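**Student:** Okay, handing you the structure first.
6 protein chains.
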Amino acid sequence: DFLYALQEIVPAFGASTDDLERCRLNGMVDCGERHKHIYQRAMLLVEQVKVSKGSPLVTCLLEGPSGSGKTAMAATIGIDSDFPYVKIISAETMIGLSESSKCAQIVKVFEDAYKSQLSIIILDDIERLLEYVAIGPRFSNLISQTLLVLLKRLPPKGKNMLVIGTTSEVGFLESLGICDAFSVTYHVPTLDQADAKKVLQGLNVFAEDDIDLAAEALHDMPLKKLYMLVEMAAQGSTGGSAEAIYSGKEKISLNHFYDILGDIVSIRH
Amino acid sequence: DFLYALQEIVPAFGASTDDLERCRLNGMVDCGERHKHIYQRAMLLVEQVKVSKGSPLVTCLLEGPSGSGKTAMAATIGIDSDFPYVKIISAETMIGLSESSKCAQIVKVFEDAYKSQLSIIILDDIERLLEYVAIGPRFSNLISQTLLVLLKRLPPKGKNMLVIGTTSEVGFLESLGICDAFSVTYHVPTLDQADAKKVLQGLNVFAEDDIDLAAEALHDMPLKKLYMLVEMAAQGSTGGSAEAIYSGKEKISLNHFYDILGDIVSIRH
Amino acid sequence: DFLYALQEIVPAFGASTDDLERCRLNGMVDCGERHKHIYQRAMLLVEQVKVSKGSPLVTCLLEGPSGSGKTAMAATIGIDSDFPYVKIISAETMIGLSESSKCAQIVKVFEDAYKSQLSIIILDDIERLLEYVAIGPRFSNLISQTLLVLLKRLPPKGKNMLVIGTTSEVGFLESLGICDAFSVTYHVPTLDQADAKKVLQGLNVFAEDDIDLAAEALHDMPLKKLYMLVEMAAQGSTGGSAEAIYSGKEKISLNHFYDILGDIVSIRH
Amino acid sequence: DFLYALQEIVPAFGASTDDLERCRLNGMVDCGERHKHIYQRAMLLVEQVKVSKGSPLVTCLLEGPSGSGKTAMAATIGIDSDFPYVKIISAETMIGLSESSKCAQIVKVFEDAYKSQLSIIILDDIERLLEYVAIGPRFSNLISQTLLVLLKRLPPKGKNMLVIGTTSEVGFLESLGICDAFSVTYHVPTLDQADAKKVLQGLNVFAEDDIDLAAEALHDMPLKKLYMLVEMAAQGSTGGSAEAIYSGKEKISLNHFYDILGDIVSIRH
Amino acid sequence: DFLYALQEIVPAFGASTDDLERCRLNGMVDCGERHKHIYQRAMLLVEQVKVSKGSPLVTCLLEGPSGSGKTAMAATIGIDSDFPYVKIISAETMIGLSESSKCAQIVKVFEDAYKSQLSIIILDDIERLLEYVAIGPRFSNLISQTLLVLLKRLPPKGKNMLVIGTTSEVGFLESLGICDAFSVTYHVPTLDQADAKKVLQGLNVFAEDDIDLAAEALHDMPLKKLYMLVEMAAQGSTGGSAEAIYSGKEKISLNHFYDILGDIVSIRH
Amino acid sequence: DFLYALQEIVPAFGASTDDLERCRLNGMVDCGERHKHIYQRAMLLVEQVKVSKGSPLVTCLLEGPSGSGKTAMAATIGIDSDFPYVKIISAETMIGLSESSKCAQIVKVFEDAYKSQLSIIILDDIERLLEYVAIGPRFSNLISQTLLVLLKRLPPKGKNMLVIGTTSEVGFLESLGICDAFSVTYHVPTLDQADAKKVLQGLNVFAEDDIDLAAEALHDMPLKKLYMLVEMAAQGSTGGSAEAIYSGKEKISLNHFYDILGDIVSIRH
Ligand SMILES: Nc1ncnc2c1ncn2[C@@H]1O[C@H](COP(=O)(O)OP(=O)(O)OP(=O)(O)O)[C@@H](O)[C@H]1O
Ligand SMILES: Nc1ncnc2c1ncn2[C@@H]1O[C@H](COP(=O)(O)OP(=O)(O)OP(=O)(O)O)[C@@H](O)[C@H]1O
Ligand SMILES: Nc1ncnc2c1ncn2[C@@H]1O[C@H](COP(=O)(O)OP(=O)(O)OP(=O)(O)O)[C@@H](O)[C@H]1O
Ligand SMILES: Nc1ncnc2c1ncn2[C@@H]1O[C@H](COP(=O)(O)OP(=O)(O)OP(=O)(O)O)[C@@H](O)[C@H]1O
Ligand SMILES: Nc1ncnc2c1ncn2[C@@H]1O[C@H](COP(=O)(O)OP(=O)(O)OP(=O)(O)O)[C@@H](O)[C@H]1O
Ligand SMILES: Nc1ncnc2c1ncn2[C@@H]1O[C@H](COP(=O)(O)OP(=O)(O)OP(=O)(O)O)[C@@H](O)[C@H]1O
Ligand SMILES: [Mg+2]
Ligand SMILES: [Mg+2]
Ligand SMILES: [Mg+2]
Ligand SMILES: [Mg+2]
Ligand SMILES: [Mg+2]
Ligand SMILES: [Mg+2]
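Residue numbers (this note's numbering), protein chains in the order written: chain G, 1 to 269; chain F, 270 to 538; chain H, 539 to 807; chain Z, 808 to 1076; chain W, 1077 to 1345; chain Y, 1346 to 1614.
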């Protein structure tokens, strides 16, 4: 079961799991049907890769708005797979490198993985790996081409591999032809009101009666933003109340919560 | 005969055949008239090159949607030709190289081939060799120019050569003038319902009664995607059923098949 | 209280405070509700960073017209935080450097900050760090990508960080996706008539009766421009009156003030 | 007379004639009035260069669709001129070179020619020398500028030179100003029905009664394509008939000819 | 008084004044109210910089059509300031340098000036420093960014600086954001009829009765062009009369003057 | 008188005159009023430079269609000036050089000229110096900036200089701001019917009665093209008649002349 899996996070192997763990800073909670469905399907792919003879390479893209939980989901799949080789490729470890150094690092991870019977590679935030900005648009074609080829190149005989990509710029990847290069794509959504309520209940920082109002005020907010919002509101309007709230002694004032929500949301419009 | 040829795959010479074999991971099956027709015409070109005095260079382009079977077809022609020199030029072996190194490698293969009385060169996925992306569009003009010249340059006296190109971006090649540089172009299509049925029957993973429904649900799917789809469906909705299905003990549930098909197709629209 | 905080500026640590002090050449005065509100909210973020366990990285953007007081505000927050590591990253210290050297310097500041339990980094005038000009537009994508990653990358376990950005080109940052990368954004406005009056009163260079007229003539002028205007007007129409005015012996002639205001404003239209 | 000239191809001097000969792989046959007219006019220019005092440099451009016979025509003029220096500059011998190396090679040929009293330089496929592709368009401005200057620069006193250019992208050359740099331009056309009939008669591979029908089916086909088409058709629908047909024992089946023609032509539309 | 100031040009210090003097080849004459007004305001800024404590950096832009007298005006202000450090930064001394060398030279001048208690830097013809051309437009962003930063960076404590920029492409500077970076901008106009008459009277090369007609024929001509026009006309229609005219023995023929004026003006339309 | 001047071409100094002479391969003949007028005005500028004190630098642009006689005119002015330093800067001597080498060469010529009391520099075919092509358009901004500065930079005290530019792309120079940088611009036209008749009479290759018809057939042809046309026609339709015609024994057949004219002109439309 999904939630069960979310809890029993066992390290697959040494250091690398640490990296994966760091991807789900706020843990994994039940946040609605869609997230659960995607997790289950992805675990089916994990199994397919384990037993397949005809498809040594399976690729899967998780796309959705910023903060919707894609990276945490991919990391969880990696951890739960129990595969001997699970690695995340992220722009964070390649800051300031030239395009060709980044390419070399990416290729290196694939070459390493080819040596393992079963492997998972997470291409995290593909638009960032590609150095994408909407103005222009600009991006690294060298890295694009590298990914396009790696997503189709078969591992050596007898080795099977799952590649999981994440992105919040699916339209851009579509126009590069990178979406088509994935076997299957799942959309990871923001939270609807019911999902948000579940998450807020788990956090236990609102008075019982306020939870519905709070959840209603959040229209389609992504998970990660919700965690930040709650923590900001927990400081209270004059500061200092965070500890009392997290220890359960106090609750977040709904009015202050609305204020902070306004700061975060209104600017954009 | 086409199917006969498909079966009796004999290595033309040592190592290289291995590369070609790897291009048809799912073997070669009868998948309709159009594929058969193209194969036959291409084999006529092989013969023309063998006997020609006036045209030492014949060039042929296979274009069609991603996964329609172009590379497997080209590899099969190469293998079946029994020519002493058959080589595939693919972006997979040139990841991360500079444009000019790629150029040099491509030219090298042609120079090597010129030493053989009869040779076949497969330019696989030409848009990838050209580092093409639709945004811009961007591509390597250095490599474009190299191909444009190589596709017209005659081998030395007494040497004959067949060049087979493949692409799923025929519109792009058209606007580069690369299509015009080929003597002849064939369109490799996706599968219509009848073709798909033939392939599914060969795979023998559906109950007799379900085959027509399954084939009907696949509108114009390319061969390669069909193989991936079947394997995904074969895991069953809770996993673990692949072995039973491939050994013939169980059949794929049509409902689960529709589900998986939905995952793969719906996102795009 | 805001104004109190503005006055009791105590150095957090050695040399660096000097840099921050230099950012508020004209001191910090009360210039209206909005400025006060932003200051208070930012100080709540400072506190959140001090106590947070779930959000080791909080980021906040101050955007508003040129001269509205963003840099002085950010510097004041840095000074008032009493954090052991407070650093301003500004284009002024990186003139003429290559994009990659600038990148390296920026990354260096972050790496240094990661060693401190609590740190504040001010990214001053982000559009200038990005070498932005509207024509094109042109900008450094290398630096953009670096900021996009740094604004999301978590400090090591146990270290907490606040990043404050300033910009007068919020539309540009929006289209780069840099705005979305900040947890929260505040708009720092120009002065309305009441705010301007407050500032003029504090300066004490106009006759009592002239202050309202002077304040009325300034439509939505930014703070910094107002200081420059007053100093230009204080020279008098034939020069030499500055000392008398600042020592309180004379007042600025309203007519001359209008003249100078005309020079500064009219050209633009 | 034109045809006579076509036959009595005598080498002007050693190795280089070989290169020129290789440009007319299918020999030179009578293929209509326009081709003949251009040849005669070009031979008048050859004579003018031989006797001129006032125009040490004459330049002539042959433009027309791909395969219409431009290169073979230029080579024939070079061979028939009996000039001591005749050289073809072609992209084929400069694959993969940098723009500036290509430039240097081109300039070198001109410098060599300047040493000869009478010289002909053929700039073959100028768009290819310029690395032109329609997308963008892209091309080498370094080489463009070099040609623009070389086409106007006078040889040293006492030396006379004829430059013949060929291109199938006259519109592009026009917009570069390269057309204007030539003294005169001739359009080399595709074959009309009467011209095609003449060529087919010469080849003697159709039954008497079929020739008109075959010629009629070819609408404005360029010469070179016609030769390829005939050779493809000569293999027969099941292969193996080429020898019988070229030795005159059999004739090409009109139906098979139509089929092959369809393969070659239909794709484009 | 303005004109008085114009006459008593005393060197501020050694060699550099020579450079400044060379900027007013035709001396400084009274050419109307606007020029006089700008000069006076600029001299007030000089005084402000001398006494200011709150604004160590004052910046002023002179913009206007080509030849209207901007450079001569800026040079005159520099000379009349009697500041110990006065330097003109001009593209003339940086021909052919790379962008980064130019940058370095510009920065060097500022660094030198920072050592002086009082300094003036003239950024002459800013669009030329920026390597601007309208086609594209193209310009050096490296130098743009350098100027944008230098125009805001404060000199060290206790040092005051005035920066005077000149440009005839104010629209371009506006769109770069460089105009906004200046504290104040003045428009230096062409000559109206009355101004032109004053200048012609000073030159004393027309008959008394012709001066009005001549001045009328010059619609909004810039100063520098007027000097060139008069000198061309002074040669007379057959040459040789210049000496007689400048020595006052002859006057310029009005008809010949009209002719020459036509040559200079008509072409543009 | 103009024609007289045209004849008495005396070398100003050694080798360089040779270069200038080579610019008027077909000599200088009377070809109408406009050419004469421009020559006279330009000679007035030569005189102005000789005697001027106030304008050490005079600049003049000759613009007009390709082949209209601009270079020959500029060379003639240079030769007739008798100035100690006369130099032509042309793309012909800088083929294949990098932009910065070209820049250096151009600057070198100016630096050399600054050493001479009186000098003339001819910037021939400025669009070619700038590596201009209409597509894009593309051009060297480095060289553009260099010319823009050199056309305004004053020679050292006591040295006077005349710069003559030529171009057939005046619209392009206009948009670069290079036209405005010249003191005066003259348009060098093609030949009208009367002018063409004069030139043909001088050549004496037509029968008396044919001259008018021939001149009429040439609509606005540039001089240089006319010379080429006549020489082509002089070969006769079967070749070999050139000698007879130039020696006056035969005349050009009007019909053949029309034919050749058709070849040259019709293609363009
Ligand atoms: N069921 C869940 N699925 C995913 N994330 C969860 C879940 N429950 C809690 N979380 C928390 O929500 C946060 C999701 O953030 P995450 O970084 O995965 O989002 P993201 O979509 O990758 O964002 P971005 O687009 O910025 O990369 C994590 O902190 C994670 O611990
Ligand atoms: N008759 C056939 N023709 C082609 N391929 C076949 C045939 N029968 C089975 N196959 C299998 O179908 C698959 C076709 O994939 P292939 O890589 O050739 O497609 P493609 O068109 O080259 O795809 P892409 O556009 O992604 O390069 C191969 O795995 C091949 O083994
Ligand atoms: N309450 C206040 N808030 C901000 N600045 C103040 C305040 N009171 C006085 N000031 C003064 O106003 C000036 C504000 O200028 P500052 O450089 O901060 O503006 P800015 O918005 O950063 O401008 P720019 O867009 O040019 O970077 C400083 O000189 C500061 O000393
Ligand atoms: N009269 C003729 N003129 C030209 N070519 C002829 C003639 N008769 C036969 N040929 C043959 O026709 C072919 C013409 O091809 P050629 O390469 O010259 O065409 P092209 O116009 O240069 O083509 P491309 O545009 O591809 O460069 C040659 O093989 C040549 O031998
Ligand atoms: N009062 C005056 N103000 C300015 N220039 C004057 C004045 N009186 C005479 N002049 C002369 O007019 C000329 C003005 O030319 P200047 O080079 O200053 O113009 P500019 O606007 O800088 O031109 P450009 O746009 O080409 O740089 C100088 O030769 C100067 O000596
Ligand atoms: N009066 C004349 N003026 C100019 N050229 C003349 C005259 N009389 C004869 N000619 C001849 O006409 C030709 C003019 O060619 P020129 O190269 O000067 O033209 P151009 O305008 O510079 O051409 P392009 O635009 O190609 O550079 C020369 O050969 C010159 O000898
Ligand atoms: Mg993520
Ligand atoms: Mg393929
Ligand atoms: Mg600021
Ligand atoms: Mg050719
Ligand atoms: Mg100036
Ligand atoms: Mg010329």
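Every residue, glycine too, gets a C-beta built ideally from N, C-alpha and C. All of these numbers come straight from a predicted model, not from anything done at the bench.
Identify which residue in W:Asp1339, W:Val1183 and W:Lys1274 has its Cα closest to the Cα of W:Glu1292.
**Tutor:** Position 216 of the fifth sequence, counted from the first residue, corresponds to residue 1292 of chain W. Here the closest residue by C-alpha is W:Lys1274.
**Student:** Using the beta-carbon of each residue, which ones in chain Y are nearer than 7 Å to Z:Pro944?
**Tutor:** Here residue 944 of chain Z is taken as the residue at index 137 of the fourth sequence, counted from 1. What Z:Pro944 touches in chain Y: Ile1480.
**Student:** For Z:Cys867, does the three-state DSSP call read helix, strand or coil?
**Tutor:** Locating residue 867 of chain Z in the fourth sequence gives position 60, counting from the first residue. In this structure, Z:Cys867 counts as strand in the three-state DSSP scheme.
**Student:** Beta-carbon within less than 8 Å of F:Ser369's beta-carbon, same chain only, minus the 5 sequence neighbours each way: which residues are those?
**Tutor:** If you number the second sequence from 1, residue 369 of chain F lands on position 100. Cβ neighbours of F:Ser369 beyond the five flanking positions: Leu411.
**Student:** Indicate whether at least one CB of chain A lies closer than 9 Å to the CB of Z:Glu1057.
**Tutor:** In the structure shown, chain A does not exist; the protein chains are G, F, H, Z, W and Y.
**Student:** So what does DSSP say about H:Ile627, is it helix, strand or coil?
**Tutor:** Position 89 of the third sequence, counted from the start, is the residue given in the question as residue 627 of chain H. Three-state DSSP puts H:Ile627 in a strand.
**Student:** Could you have a look at F:His488 and say whether DSSP puts it in helix, strand or coil?
**Tutor:** Counting from 1 along the second sequence, the entry for residue 488 of chain F is found at position 219. Here F:His488 sits in coil by DSSP.
**Student:** Around the C-beta of H:Tyr724, are 16 or more other C-beta atoms found within 10 angstroms, so that it is buried, or is it exposed?
**Tutor:** To locate residue 724 of chain H, count along the third sequence from 1; it is residue 186. Classification of H:Tyr724: buried, given that the 10 Å Cβ count is 16 or more.
**Student:** Taking its Cβ as the centre, do 16 or more other Cβ atoms sit within 10 Å of W:Gln1124, making it buried, or is it exposed?
**Tutor:** Position 48 of the fifth sequence, counted from the first residue, corresponds to residue 1124 of chain W. When all chains shown are included, W:Gln1124 counts as buried.
**Student:** So, under 8 Å CB-CB, G:Tyr227 and H:Gly592 are touching, yes? Tell me the CB distance rounded to an integer number of Å.
**Tutor:** By one-based count along the first sequence, residue 227 of chain G stands at place 227. By one-based count along the third sequence, residue 592 of chain H stands at place 54. Yes, they are in contact, since the Cβ atoms of G:Tyr227 and H:Gly592 sit about 6 Å apart, within 8 Å.
**Student:** Once the 5 residues before and after F:Leu487 are set aside, which same chain residues still bring their CB inside 6 Å of it?
**Tutor:** The count along the second sequence starts at 1 and reaches residue 487 of chain F at position 218. Excluding positions up to five away in sequence, the list reads Ala465.
**Student:** Using the Cα positions of Y:Ser1397 and Y:Asn1505, report the straight-line distance between them to the nearest angstrom.
**Tutor:** In the sixth sequence, residue 1397 of chain Y corresponds to position 52, counting from 1. In the sixth sequence, residue 1505 of chain Y corresponds to position 160, counting from 1. Taking the straight line from one Cα to the other gives about 8 Å.
**Student:** Could you give the distance in angstroms between the alpha-carbon of W:Val1281 and the alpha-carbon of W:Ile1321?
**Tutor:** If you number the fifth sequence from 1, residue 1281 of chain W lands on position 205. If you number the fifth sequence from 1, residue 1321 of chain W lands on position 245. Roughly 6 Å between the two C-alpha positions.
**Student:** Tell me the residue span of the beta strand (DSSP E) that contains Y:Thr1530.
**Tutor:** The residue labelled residue 1530 of chain Y in the question sits at position 185 within the sixth sequence. Unbroken beta strand (DSSP E) run through Y:Thr1530: Val1529 to His1532.
**Student:** Beta-carbon of H:Arg666 versus every beta-carbon of chain G: anything under 9 Å?
**Tutor:** Translated into the one-based positions of the third sequence, residue 666 of chain H becomes position 128. No - not a single Cβ of chain G is within 9 Å of the one on H:Arg666.
**Student:** Quick one, are the C-beta atoms of F:Asn295 and F:Lys421 less than 9 Å apart?
**Tutor:** As a position in the second sequence, residue 295 of chain F is number 26, starting the count at 1. As a position in the second sequence, residue 421 of chain F is number 152, starting the count at 1. The answer is no: Cβ separation not under 9 Å.
**Student:** Let me check you understand the geometry: is the CB of W:Val1053 closer than 8 Å to at least one non-hydrogen atom of ligand 3?
**Tutor:** Any question about residue 1053 of chain W goes unanswered here, given that chain W covers just 1077 to 1345.
**Student:** Do G:Leu62 and G:Met73 have their beta-carbon atoms positioned less than 9 Å apart in this structure?
**Tutor:** Looking up residue 73 of chain G in the first sequence gives position 73. Looking up residue 62 of chain G in the first sequence gives position 62. With respect to the 9 Å criterion, G:Met73 and G:Leu62 are classified as neighbours on the basis of their beta carbons.
**Student:** On the DSSP letters alone, give me the boundaries of the alpha helix (DSSP H) that Z:Ile884 sits inside.
**Tutor:** Here residue 884 of chain Z refers to the residue found at position 77 of the fourth sequence. That run of the alpha helix (DSSP H) goes Lys877 to Ser888.
**Student:** Would you identify the three-state DSSP class for H:Ile547, choosing helix, strand or coil?
**Tutor:** Translated into the one-based positions of the third sequence, residue 547 of chain H becomes position 9. Legend: pLDDT at H:Ile547 = 40, less than 50; position of this residue unreliable, value from coordinates given subsequently. Note: H:Ile547 maps to coil in three-state DSSP.
**Student:** Report the option in H:Ala752, H:Leu595, H:Gly740 and H:Lys608 whose CA atom is closest to the CA atom of H:Arg572.
**Tutor:** Sequence index remark: in the third sequence, residue 572 of chain H carries index 34 (1-based). Considering only alpha carbons, the answer is H:Lys608.
**Student:** Can you find the residues in the same chain that come closer than 6 Å, C-beta to C-beta, to Y:Asp1469, ignoring five residues on each side of it along the sequence?
**Tutor:** On the sixth sequence, position 124 is the one that residue 1469 of chain Y refers to. Closer than 6 Å at Cβ, skipping near neighbours: Thr1416, Ile1433, Ser1435 and Thr1511.
**Student:** On the criterion of 16 or more Cβ atoms from any shown chain inside 10 Å, does Y:Gln1490 qualify as buried, or is it exposed?
**Tutor:** Here residue 1490 of chain Y refers to the residue found at position 145 when the sixth sequence is read from its first residue. Buried, by the Cβ-count rule.
**Student:** Using beta-carbon positions only, say whether H:Leu688 and H:Val701 come within less than 9 Å of one another.
**Tutor:** For the purposes of this step, residue 688 of chain H is taken as the residue at position 150 of the third sequence. For the purposes of this step, residue 701 of chain H is taken as the residue at position 163 of the third sequence. Yes, they are a contact pair.
**Student:** Taking the beta carbon of W:Asp1156 as the centre, do at least 16 other beta carbons fall within 10 Å, making it buried, or is it exposed?
**Tutor:** Translated into the one-based positions of the fifth sequence, residue 1156 of chain W becomes position 80. Result: buried.
**Student:** Residue ranges of each alpha helix (DSSP H) run of no fewer than 4 residues wholly in the segment 91 to 150 of chain G, ordered along the chain?
**Tutor:** 99 to 114, 126 to 129 and 141 to 150
**Student:** Have a look at the DSSP bridge pairing and note the partners of W:Thr1243.
**Tutor:** For this step, residue 1243 of chain W is matched to residue 167 along the fifth sequence. Its beta-bridge partners are W:Glu1139.
**Student:** Leaving aside the five residues before and after Z:Phe946 along the sequence, list all residues of the same chain whose C-beta is less than 7 Å from its C-beta, in chain order.
**Tutor:** Taking the first residue of the fourth sequence as position 1, residue 946 of chain Z is located at position 139. Once the five neighbours on either side are set aside, the close Cβ partners of Z:Phe946 are Leu937, Glu938 and Tyr939.
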